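Reading through the structure tokens given below for one structure.
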Amino acid sequence: MSFIRSYSRPKVFGLIVVAALVIGALLGFLAKQAQLSWLGTTLETIGTIFSNLLQVTVLPLVFTAIVLGISSLRGLGGARTAARLGGKTVLWFATTSFIAVLLGIVVGKIINPGTGVSLKPDASTVQKLASRDQGSWLDLINNLVPSNLFEAFADGEILQVVVISLAVGLAAYSLGDRAEPFVRFNRVVFDLVQKVLSWIIKLAPIGVLGLIGHAFATYGDKFVRPLLSLIVAVYIGTLLVLFVVYPLLLKFVGKVSPALFFRKAWTAIQFAFVSRSSGATLPLSRQTAVNLGVDPGYASFAVPLGTTTKMDGCAAVYPAVASIFIANLFGIHLGFGDYVLIVVVAVFGAIATAGVTGWFTMLTLTLSTLNLPPEVIATGIAVIYGIDPILDMMRTATNVTGQIAIPTWIARTENLLDDEVLNSHTPPPLLDDAPREPAHAA
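No gaps in the numbering here: position 349 of the sequence shown is 386 in this note's numbering, and each next residue is one more.
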């Protein structure tokens, strides 16, 4: 038991994860250089199992969290208060997406990733990606409503699950006390899934070892060298959002110390980086917001909503930089109108990122809006597909930071931020126990 307690301590757990990251990269590099196929297969299997375990929890977490979140708004006032909070949350989501995509375009234009790069992707990869459903505005609208309630869950259509969750949550809100048994049932399911996820989180060091190891074993030197400019541009863009935009808004809008914010949010950000899943990080993100003093009712609404629709890394910075990279790769000139379209897609198309393949949907939606030929889209994405794991780590960390930070400064503007809780010491949300609420919360 003492080993488990030590293992779960944030500093110890963080060091173990970093060590696993390094060891995984070394093992992957060894498998590539020495052509040890068995080692590469082992690393791939470990990473796949860990990813699958995380994804199993996403749909029930999203559904129950959104239903509980909307229902919890009842305790913050009437329908007008709920509508104002919802509107302000969505407005700030769009505002930060606008800032993030502008930064992505600026960084992309300065670094110009893809210039002088000549790569020919594997033909099977191009064919595989070309056969996948690509993002389009028509598909987005058509896929909002499922033809069968149970198929949406069975097929993993998270965007449809989000729509169902919003409808059910609004219905529960309108029914009030009559829906309380259903709300209590969802709370129990949420806690059960969260407990299962707490066990999966303990496997993060093993999972990240397999994920990063498989990437290095598969791509070797091609993992970094030819696409270094793209990696650098994406990381610079996301880091600017992460450590400049969010801290400035926290300080001047939320009146919250950025250092205090990152100290309390670091566990969730770190787990998002290694897991590459905003959905799997949801319980940590919500508890982090509560630990920062955000009213639990509002946190239960805003954080789950952000988890499925607010992704500055995947939906703003990355599509902007990747579009510039692919255009440079094929010698295509992007004019002022094209950059305007990139901004529009980032601000209004963020909901398309919901799901496991969110980055793919958002990027193809952006590229198709720019009217690039289908063969250019498929080939360009195939070129960068190999380095997606290393990009996705930083994208997801940025996503999750925004999903916690935005509710924090909105809570300040709505007098829903408790400074006593904000400035008190709270243990990091490693999901060891049942969800914690501040002592004053009902």
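The C-beta atom is built at its ideal place from N, Cα and C for all residues, glycine as well. Fair warning: this is a prediction, and the values are worked out from it, not measured in the lab.
Looking at the backbone, the Cα of Phe219 and that of Glu451 are separated by about 29 Å. The beta-carbon separation of Val358 and Leu267, rounded to 7 Å, stays under the 8 Å limit for a contact. Cβ atoms of Pro242 and Ala57 come within 8 Å of each other, at about 4 Å. Comparing C-alpha distances from Asn223 to each of Ser202, Leu240 and Ile237 shows the shortest one belongs to Ser202.
Pairing Ala62 with Gly250 gives a Cβ-Cβ distance under 8 Å. The Cβ-Cβ distance between Phe130 and Ile379 does not fall below 8 Å.
In this structure, Thr345 keeps its C-beta atom at 8 Å or more from the C-beta atom of Ile107. Contact annotation, Lys301 with Thr463: C-beta distance approximately 7 Å; criterion of less than 8 Å satisfied. Separation of Leu80 and Val354 (C-alpha to C-alpha, rounded to the nearest whole angstrom) is 30 Å. By alpha-carbon distance to Tyr335, the top candidate from Val282, Ile86, Leu110 and Ala68 is Leu110.
Every unbroken stretch of the alpha helix (DSSP H) spanning 4 or more residues and falling wholly within the segment 267–310 is given here in chain order: 283–289. In the DSSP assignment, Val331 forms a beta bridge with Leu454. Thr445 is positioned such that its CB atom lies closer than 8 Å to that of Val293. Residues Ile238, Ala241, Thr318 and Leu321 of the same chain have their beta carbon placed closer than 7 Å to that of Phe308, with the five preceding and five following residues left out of the count. Proximity to Asp375 across Phe367, Asn408 and Gly343 peaks at Asn408, based on C-alpha coordinates. Pro97: member of the alpha helix (DSSP H) spanning Ser74 to Ser109, first to last residue. With respect to the 8 Å criterion, Ile447 and Ala305 are not classified as neighbours on the basis of their beta carbons. Per DSSP, Gly112 lies in no alpha helix (DSSP H) and is assigned neither H nor E. Within its own chain, the residues whose Cβ lies closer than 8 Å to the Cβ of Arg449, once the five positions on either side in sequence are excluded, are Val290, Gly291, Lys292 and Val293, listed in chain order.
The Cβ atoms of Gly343 and Gln197 do not sit closer than 8 Å to each other. For Asn149, the three-state secondary structure derived from DSSP is coil. In the structure shown, Pro411 adopts helical secondary structure according to DSSP, grouped into three states.
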